[in-house]
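Undergrad: I have a structure I would like to understand better, so I am pasting it below and will then ask my questions one at a time.
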Amino acid sequence: MPTPHRLVIAFLGLLMSHATIAAAETDVPLPPDSAYVVVDENGHLSVNGERQRYWAAIGKLHANNRASTDVLLDRFEALGYNAFRYWNGFRGDSSYEIGDGSQQDQTDYFLAEASKRGFRVWIAALNRIGSAKPGDVDIIDDPDSAEAWAADVAKLPNNGRLSGNLANMWDARCEALVIRDMTQIATHRNQYTGLRWCDDPVFAVWELSNEEWWMRKMVGGQWQKLPAFFRNSLLDRWQDYLREKYGTNDKLAAAWGELLPGESLVEGTILLAPMAGETKPALGLNDANPHAAAAVQGLEQAYRRDDFARERGEDVIEFFMGLQLSYKQRVAAAIKPLGKSTRLSPMIYDTGIGYEVQSQFLHQNADAVAHDAYVNGYGPDLRERLASTDPNPTEHKEKLSRLSDERLTSNVGPWVNWLLKPPGIAQGVPWLEHNRVEGKPYIVYETQIQQPAKYRADFPLRLAALACIQDWDWVSWHYFGDGGVNEAAQNPATFDRRMDITTGQHPQGYHYTYDEVQTAMMRAAGHMFRGELLKPAPKPTVFIYGRKTLYDPASMDYAGSYGDSGMDMLQTVYQYGVRIRIDPTREDDEVIGPVVKFEDRHTHNPYTPTDQIIFDWKKGYLKFDAPAAVAFTGLMANVGDTITFEQGVTLSDVTIHNPEGIADPVTDDEKYIAFALHTLDGKPLAQTKHASLSIVSTSFNTGFKMGTGPHPSPYKPPSGTVAGEAPVLVARVAASVQSPAIDGMRYTFFNWRLEPIHSGVVEGRRLLVPADQPVFCIELTRE
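In terms of this note's numbering, the sequence shown opens at residue 84 and continues consecutively.
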């Protein structure tokens, strides 16, 4: 009789034949291969032989009417974006009529118009799969298991929702349902283009799942809570894995040192243990196995990791990893052949989790690597703690806890000024910094700093610095939009609303739609990143991790994944750049190149990854000085009245005008600013005909008030925090910018609505930026 997974393959053949028929239902010719985003020989994203970098928005990216959608696309272009990460997707019958106003119509209009303007889309819609139901039992022909599956599928968590379902990785029916739903989404036809999504070159990245974090959940024992059929089928796979690897009880016992009473490979009673926490024998054995009841009698009530030899824990991790990777490879093999985009453009297996070695190994086996990171602009005062809260701390856990406390703690009143800490986009162990794999595109699926945040204008420049040091390929910003964008075509004041601030459990403060100050620097950072205006670290240090680390049972504790050498990666990235490689064919780890040790994190300064970037965290600033881009962000009061750049640019006469009533004025003792002057044509400043300038400080909603109560968690503001209302009170910056490069150029001031409010010609090599006008950005052009 065919195995369940062979039946899945047969089912795939049927799906593929239907997809081929669907592809033939239109006369629209498919674009040439050169129109699609592909991975080039250097491991970067490329179109028609030219490298591409993408700066993307996530969120409610279009309106419920075409006119407003057009306005939004205009705005995205003006703000420096050239891509989106997009969530909408349709299963089943997704037909519609052009102009009917349905969700399908709105989505496809947006995608078609975005494509015309040159935008590319990272499609996350394959996550929009449905649920497994008893009536789906015939998705594969396996009558022996049909009754038990149908009885227990209704008991799966979240009403059988397939997205995030642990059992997808080993249950053949769930896998077939996932592939069926993903196929329906991928083969949806856009009536505006005539192309199926799987053939549309607008889609640059295909995503199989979002934040499954499957390994962490499995070693955490969540599988033990699944209905009996799914738990038992996993346990059967465990016995099969051990039989294939060891063959006999004697060989298994020799490898592990000993077996528990009642454990037998022949009878299938090997406990699936250890886990990160406790394993109760009754849940770790197949209760449908007649030998299991007898075996349980000989076992203690619960077992922990310390009760077993390291080798046994290694096998548990290897077993789980094999299930996950083979599942992802089968699903990718089913989706890729559907069309030209799915075949040619990169496909990622999952998103996150940044500091788990098994997760990174999964990414390393996909077409590209995808991670995220968020930071806070506020924090509790943890300076007195700085110690592990683990009841059984080890030296390594103490280091991890100390690092987390240092990164999270406030350092200027209730605020976190990240420029006064060793550089990092990390609130503990790194997620974004270190995971760059040579030969694979590195793509950031989400990032943002959470409001309230007085010191946030520097975040986009810090992110751009890291992106350039590490030579990334894609950055996605979370989160744009709400119902207000539906008014974009009718109301010029659409974006004059209050800023989103986290005040409770929902992290509303990650939304930047109405944040003029941060968006100004996101725009500047985006152009610098997209234009490759800053060079990468010349010779990154390589961290290689072997089998011992990959299968280490200690990695079941999140953030224990990389051992002590992993503690050096965060600092090393910012001085030398880092590449990571996980190689299960070797036994031990190796580091090739210089490092900044964890123990030196408080003494190493400044960080100089290239001759164009400097982080001086003891003075609290970041500076760029490259032929086509200069920037400074941080505490200018710690540097002096004038900042000079080797490119012949001078910034001086800086004053900050705090509006009446602003919650936390910027003082003369800090003079916190973010400044950028960069070209838009890719040429050096001395030769440019199109450049842009921005200088900002901070802003608060009217009536904003930081709470004085306790923090619900280190990631949430204190209780009693009040978001405030519009208008947003912006601390405007006046400055003098001098450079021969801009002499004689025509300048135009634009406000937050992207309306021109003043123009003129630079005279005497000097441009004065006023504080009495609402300047969002300045465009400089030369005939």
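Cβ atoms here follow ideal geometry from the backbone N, Cα and C, with glycine treated the same way.
Return the chain-ordered list of same chain residues with a C-beta closer than 8 Å to the C-beta of R662, the five sequence neighbours on each side being excluded.
TA: Taken in chain order, the residues that qualify are R519, V520, E521, P623, T624, V625, F626.
Undergrad: Within a Cβ cutoff of 6 Å, which residues of the same chain sit near R684, ignoring the five residues on either side of it in sequence?
TA: Result list for R684: P505, Q654, in chain order.
Undergrad: Please report the distance separating the alpha-carbon of R539 from that of A259.
TA: Cα-Cα distance, rounded: 45 Å.
Undergrad: Is it the case that the stretch 491-498 contacts the stretch 431-444, given that we only count it when at least three CB pairs across the two stretches are under 8 Å?
TA: Verdict: no, contact absent.
Undergrad: Which runs of the beta strand (DSSP E) spanning at least 3 residues fall entirely within the stretch 480-533, listed in chain order?
TA: Listed in chain order, the complete beta strand (DSSP E) runs (minimum 3 residues) inside the stretch 480-533 are 525-533.
Undergrad: From F859 to L760, what distance separates their C-alpha atoms?
TA: About 13 Å.
Undergrad: Pull the bridge partners of D442 from the DSSP assignment, please.
TA: A small correction: the amino acid at residue 442 is Ser; Asp does not occupy that position in the sequence shown. The partner list for S442 (beta bridge, DSSP) is empty, contrary to what the question assumes.
Undergrad: Residues bridged to Y830 by DSSP?
TA: According to DSSP, Y830 bridges with G843, L863.
Undergrad: Give the secondary structure of P748 by DSSP, where H, G and I count as helix, E and B as strand, and everything else as coil.
TA: Correct three-state label for P748: coil.
Undergrad: Could you check what DSSP says for P590 in three-state terms: helix, strand or coil?
TA: Looking at P590 - three-state DSSP - the assignment turns out to be coil, as it is neither helix nor strand.
Undergrad: Considering only DSSP beta bridges, list what T804 is partnered with.
TA: Per DSSP, none; premise fails for T804.
Undergrad: Take I745 as the anchor and find which of K537, G587, G843 has the nearest alpha-carbon.
TA: Cα-wise, what sits closest to I745 is K537.
Undergrad: Would V779 and V600 qualify as a contact pair, given that the criterion is a beta-carbon distance under 7 Å?
TA: For V779 and V600, yes; Cβs fall inside 7 Å.
Undergrad: Assuming A456 is part of the beta strand (DSSP E), what are its boundary residues?
TA: That run of the beta strand (DSSP E) goes 452-459.
Undergrad: In the structure shown, what three-state DSSP assignment does S347 receive?
TA: S347: coil per DSSP, three-state reduction.
Undergrad: Going by DSSP, what residues sit across from T276 in a beta bridge?
TA: DSSP, once it has assigned bridges, lists no residue as partnering T276.
Undergrad: Reducing DSSP to helix, strand and coil, say where V111 ends up.
TA: Correct three-state label for V111: coil.
Undergrad: Name, in chain order, the residues that DSSP records as bridge partners for W557.
TA: Note: W557 sits in a beta bridge opposite Y137, I526.
Undergrad: What's the gap between the Cα of W321 and the Cα of P710?
TA: Computed Cα separation, rounded: 58 Å.
Undergrad: Please work out which residues of its chain come closer than 8 Å, Cβ to Cβ, to F787, disregarding the five sequence neighbours upstream and downstream, and give them in chain order.
TA: These residues qualify, in order along the chain: P535, I584, A746, V805, A806, G807.
Undergrad: Nearest-angstrom Cα distance between N475 and G643?
TA: One C-alpha to the other measures close to 14 Å.
Undergrad: Check the DSSP bridge columns for M301 and list the partner residues they point to.
TA: DSSP output for M301 lists no bridge partner at all.
Undergrad: For V858, which residues does DSSP report across the bridge?
TA: V858 pairs with nothing; no bridge assigned.
Undergrad: Does P85 come out as helix, strand or coil in the three-state DSSP assignment?
TA: At P85 the pLDDT is 45, less than 50, meaning the model places this residue with poor confidence; the figure from the coordinates comes in the next sentence. Coil at P85, not helix or strand.
Undergrad: For L760, which beta-bridge partners are listed by DSSP?
TA: Answer is V713, L776, bridged to L760.
Undergrad: How many Å lie between I206 and W835 at the Cα?
TA: Whole-angstrom Cα-Cα distance: 29 Å.
Undergrad: State yes or no: is the C-beta of E753 within less than 7 Å of the C-beta of L776?
TA: Cβ distance not < 7 Å, so E753 and L776 don't count as in contact.
Undergrad: So the beta strand (DSSP E) T738 belongs to, where does it begin and stop?
TA: 733-740 is the extent of the beta strand (DSSP E) around T738.
Undergrad: Decide if H794 is buried, meaning its Cβ has at least 16 other Cβ atoms within 10 Å, or exposed.
TA: That one is buried.
Undergrad: Let me know the secondary structure DSSP gives Q267 once reduced to three states.
TA: Residue state, collapsed to three classes: helix.
Undergrad: If you count every other CB in all the chains shown that lies within 10 Å of the CB of T477, and 16 or more means buried, which is it?
TA: Looking at its Cβ environment, which holds fewer than 16 other Cβ atoms inside 10 Å, T477 is exposed.
Undergrad: Is it the case that the Cβ atoms of V713 and Q695 are separated by a distance below 7 Å?
TA: Taking 7 Å as the Cβ cut-off, V713 and Q695 do not qualify as a contacting pair.
Undergrad: Count the other CB atoms within 10 Å of the CB of H271; is the residue buried (16 or more) or exposed (fewer)?
TA: With 16 or more Cβ atoms within 10 Å of its Cβ, H271 is classed as buried.
Undergrad: For W339 versus R387, is the C-beta distance shorter than 7 Å?
TA: No.
Undergrad: Which runs of the beta strand (DSSP E) fall wholly inside the stretch 609-654 and span at least 3 residues, in chain order?
TA: Counting only runs of 3 or more, we get 624-628.
Undergrad: Quick check on DSSP: helix, strand or coil for G360?
TA: Three-state DSSP puts G360 in coil, outside helix and strand.
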